[in-house]
Amino acid sequence: MFNKKWTLKYKGSIKEYDLGKKMKISPEIGQILKNRGVNNEEDAEIFINPSLNYLRDPFLMKDMKKAVDRIKHAVENNQKIWIYGDYDVDGVSSTSILCIYFDSIGYPVKYYIPNRLEEGYGINEEAIRVLKDQDCDLIISVDCGITSVKEVELANELGIDIIITDHHEVQDQIPNAYAVINPKQKECNYPFDMLCGCGVAFKIIQALTPKEEFEISMYKYLEVVTIATICDIVPLVDENRIIVKNGLRIMKDGENIGLRELINVCGIETNKIGSSHIGFSIGPRINASGRLGYSYLGVELFTTKSKEEAMEIASLLEEKNNERQMIEAKMYQEAEGIILRDKNYENDKVLVVAKEGWQHGVIGIVASKLTEKYYKPTILLTIEEGEATGSARSIKGFSIFDTLVNCSDLLNKFGGHEQAAGLSMDSKNIEILKRKVNEIANYHLDDEDMIENISAEFELNESSIDFNLIEELHSLEPFGMSNPSPRFIIRNLEIRGIFRLGKDKNHLKLSLEKNKVYECIGFNMAYMGDNFNIGDKVDVLFQLDENNYMGNRKIQFLLKDIRLAHPKDISKNLESINLCRNIKPFAKEISEKIGYNKINIDGCKDINIFEHINDKSLIITNSVNGFLKALSDISLTEYEFDINYNIIESINNKVQLIFFPYIDKIDLKRYNNIILYDYLYDINEYSLLYEYSDNQCEIIKYYDKNDLIYINNIVSSIIPEREEFITLYKIMSKYKKIKIDILDIKSKFNIAPIKLFAMLNVFKDLDLMDFEVEDKSNTLTMEIMQKPSAKIDLASSKVLQGLNQLKDKYKQSY
1 MFNKKWTLKY KGSIKEYDLG KKMKISPEIG QILKNRGVNN EEDAEIFINP SLNYLRDPFL
61 MKDMKKAVDR IKHAVENNQK IWIYGDYDVD GVSSTSILCI YFDSIGYPVK YYIPNRLEEG
121 YGINEEAIRV LKDQDCDLII SVDCGITSVK EVELANELGI DIIITDHHEV QDQIPNAYAV
181 INPKQKECNY PFDMLCGCGV AFKIIQALTP KEEFEISMYK YLEVVTIATI CDIVPLVDEN
241 RIIVKNGLRI MKDGENIGLR ELINVCGIET NKIGSSHIGF SIGPRINASG RLGYSYLGVE
301 LFTTKSKEEA MEIASLLEEK NNERQMIEAK MYQEAEGIIL RDKNYENDKV LVVAKEGWQH
361 GVIGIVASKL TEKYYKPTIL LTIEEGEATG SARSIKGFSI FDTLVNCSDL LNKFGGHEQA
421 AGLSMDSKNI EILKRKVNEI ANYHLDDEDM IENISAEFEL NESSIDFNLI EELHSLEPFG
481 MSNPSPRFII RNLEIRGIFR LGKDKNHLKL SLEKNKVYEC IGFNMAYMGD NFNIGDKVDV
541 LFQLDENNYM GNRKIQFLLK DIRLAHPKDI SKNLESINLC RNIKPFAKEI SEKIGYNKIN
601 IDGCKDINIF EHINDKSLII TNSVNGFLKA LSDISLTEYE FDINYNIIES INNKVQLIFF
661 PYIDKIDLKR YNNIILYDYL YDINEYSLLY EYSDNQCEII KYYDKNDLIY INNIVSSIIP
721 EREEFITLYK IMSKYKKIKI DILDIKSKFN IAPIKLFAML NVFKDLDLMD FEVEDKSNTL
781 TMEIMQKPSA KIDLASSKVL QGLNQLKDKY KQSY
């Protein structure tokens, strides 16, 4: 029913906790902290104000002392040291901070970053030979090397010592390097194994520097380590949070000359810089140079001492980023074209797409975008001279690294982690890889796994939305993995305006109203606007932000997803029309077992309905409004559900949602509670509920008197007049058989869909007409079966008798 699954971390009204009172924070911020497992004042203080004093002892890492002793030996004996980095933000940053460190002690080192387009990822044998020709004695790898078994053996043969520092997943065989520093090693006792590559390099600098000196000198590195930590998307907890929180703080004053100039080029206000600016503006510009074969530019930027040089490099990075964007857009269009032209991709759970001539450096970005759009793991490959090289990205719950391990016989080289990996292979094996990864995915992923699950903190009360809450949210920064930007849900907002923004009109702007009017922006979501009309009621999942333009400060929703809560016009909405098809009353006798005048039919909405919904619940709805409201509530729970019409069709451990039920045909004893989202049409049916359930299950009436209007609208709309039957029959007599789109019912016949289906059911009951709805094409087919030999006796129809009985019982009841 929904493109994406929404999950609330906390369901129900927000309460004020003792933690909030002690910390003098709002109940909303207190609940967000609880959602993150922060339950006491001490943990909250560390979370909001993580001190650099909490940085761990670097010598807890395996081989750290061995590495430090070897580096000090090299310095004391004037040996030639090379830093071997990687071409992404993490590798460039790692290389930069080690260069800054050696410069600070006055010892000259050189660095080597492989050309992404010509050499690919990681240490390569040719590079080892080049460094040998430069009389290299010691290589310190950063953000790479943990899979370089053969390359390290070559270095050993050539008399070069290698210290590997890395953070990627460790494979079965660890290279025989002089020292291997990677907290993911099984033998490593370091208590935090989620540092990025630059974080590991930072720990080496900490180990090389006397404690008192490091407390002062670490500020030279923190900004650069912060950029790497954010851009490498590692969990922002523990040491990562300490680094980033403090790094962002000093970034406002601009300690690093090169970074300061890049921030200026990006147009970011330094006093407002946050993790999103790093991830979406600064990081891509550093990455762009590496993607196009100019990784050294990032190192030169971070290590320069000249403002003029910094300005020049920052401008060049901007140019490279613009170039990267054009290449990326072209590649994305081509990859999309391949997917759309081949129908086999529709059933594939993993997208494996290959083409000759694609740019090596941009493949990872495009793979990420395809994964985000289709919510499928994606492997994107470029083919060159018989070799396919590329990147893989995955979805939650599916380790692309483990998948590649299981396909290692097809690969020449690969590395990475659960959500992202790089690989190379012979191009002749692409189809075999495609088949094998999909076999693995079919085993591990079911249909539910292929629906993206978006988490929200809780349902936000309108009265809480103000600038104070926005300011408080900033105290929870930095946001990132394991501490995502808080997202919220508000339901039943009315769309007042739909606009498309941007040069290519690819951004969506909505004006939404409940008790107040809100501006809502969805970047790259213009396509979503086609699914809604002005006047529709929608549920939105969003981040809370502010828009400050030319001194005009406004609260703004940053849209993450949107779905229909209730259409303005049900005759133009497929789901609503399909519900109308299923209102099929029939004449019946209901004996009064319990005096219905003694049953309290009044309902109440002043409860937390999520406390009552479980996999033994039966939810009864009788109107479009009640059905959509129930569906919205169930979708926010962890329970799976079945949708039924009139009678229950399945028996399993799922919530049963039924529309327009035949209560006397349901085994009510199977449920531990029954939740009514609408009034029943006949008060006497309440007695059936209590009798058939043996009073053993709770009956919850989750409606109020305002909801009676929806039942009233159905009753007043559904009973056709005789003249309307005659008019419809005359129209059909001209065609004998007709096919129309369901959405054209009202314009074609000038009849509300609910009434048309009522009339068609009467005609079908009398064997005068047949009809069928093809759900896939949303086509209604109507056909005259026979001409009546005498005057039609409409009253003989059991369906019409049921319709009239429904109306009479409703009038008697209400």
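For the sequence shown, UniProt numbering begins at 1 and goes up steadily by one.
Glycine included, each C-beta is placed from N, C-alpha and C at the ideal position.
Note that the structure is predicted; figures quoted are calculated from it, not measured.
Distances from the alpha-carbon of K739 to those of T226, D767 and T779 put T779 closest.
Setting aside the 5 residues that flank it on each side, Y87 is surrounded in the same chain by I113, R116, G290 and S295, each with a C-beta closer than 6 Å to its C-beta; the list follows chain order. Residue nearest to F414 within the set I634, L381 and E546 is L381 (criterion: CA-CA distance). The alpha-carbon of I534 is positioned some 15 Å away from that of Y527. Here the segment 137-149 lies against the segment 161-176, with 3 or more beta-carbon pairs under 8 Å apart. If you look at L433, you'll find it in the alpha helix (DSSP H) that goes I430 to H444. Non-local beta-carbon contacts of F542 in its own chain, meaning distances under 7 Å to residues more than five positions away in sequence, involve R487, F488, C520, F557, L558, L559 and K560 in chain order. The secondary-structure analysis by DSSP pairs M528 with nothing; it has no beta-bridge partner. The beta carbon of S485 is closer than 6 Å to those of F479 and Q543 in its chain, skipping five residues each way along the sequence. Note that the segment 371-386 touches the segment 345-353; at least 3 beta-carbon pairs, one per stretch, sit closer than 8 Å. Take the alpha-carbon of F499 and the one of D530: they are about 11 Å apart. About 24 Å separates the Cβ atoms of Y690 and I583, ruling out a contact at the 8 Å cut-off.
For the pair I430 and I383, the CB atoms are nearer than the 9 Å cut-off.
Fully contained in the segment 602-659 are the following alpha helix (DSSP H) runs of length 4 or more, in chain order: 624-635. When C-alpha distances from L208 are compared across V624, A310, K24 and V68, the shortest belongs to V68. In the DSSP assignment, M785 falls outside any beta strand (DSSP E) and carries neither an H nor an E.
Taking S217 as the centre and dropping the five residues before and after it, the same chain places the C-beta of S104 and T209 closer than 7 Å to its C-beta, in chain order. Judged by their CB atoms, I634 and L657 are nearer to each other than the 9 Å cut-off. Counting along the chain, C580 sits inside no beta strand (DSSP E); it lies in the alpha helix (DSSP H) bounded by residues L574 to R581.
The beta-carbon distance between C99 and T270, rounded to whole angstroms, is 24 Å. This is too long to meet the 8 Å contact definition.
According to the DSSP assignment, K110 belongs to the beta strand (DSSP E) that extends over K110 to Y112. Inter-residue distance for Q134 and V180 is about 23 Å (C-alpha atoms, whole angstroms). Contact between the segment 757-776 and the segment 569-584 is present: three or more C-beta pairs spanning the two stretches fall below 8 Å. By the neighbour-count criterion, in which a residue is buried when 16 or more other Cβ atoms sit within 10 angstroms of its Cβ, T403 is buried.
The DSSP-derived three-state label of N35 is helix. Contact between E41 and K22 holds, with the beta-carbon distance rounding to 5 Å and staying under 8 Å.
Counted as a single uninterrupted DSSP element, the stretch harbouring A421 is not any alpha helix (DSSP H) but the beta strand (DSSP E) occupying residues A420 to D426. In the structure shown, V540 adopts extended strand secondary structure according to DSSP, grouped into three states.
C-alpha of F398 to C-alpha of D808: approximately 57 Å in a straight line. Using a Cβ distance threshold of 9 Å, K669 and Y692 count as a contacting pair. Counting only unbroken stretches of 4 or more residues, the alpha helix (DSSP H) elements lying wholly within the segment 350-381 are 363-374, in sequence order. Selection N548, I562, L493 and D741 evaluated against M525 yields I562 as nearest (Cα-Cα). Using a Cβ distance threshold of 9 Å, Y190 and L60 count as a contacting pair. At least 9 Å separates the beta-carbon of N492 from that of D447. Here Y677 really is in contact with I620; their C-beta atoms are around 7 Å apart, less than 8 Å. For C231, the enclosing alpha helix (DSSP H) has its first and last residue at Y219 to C231.
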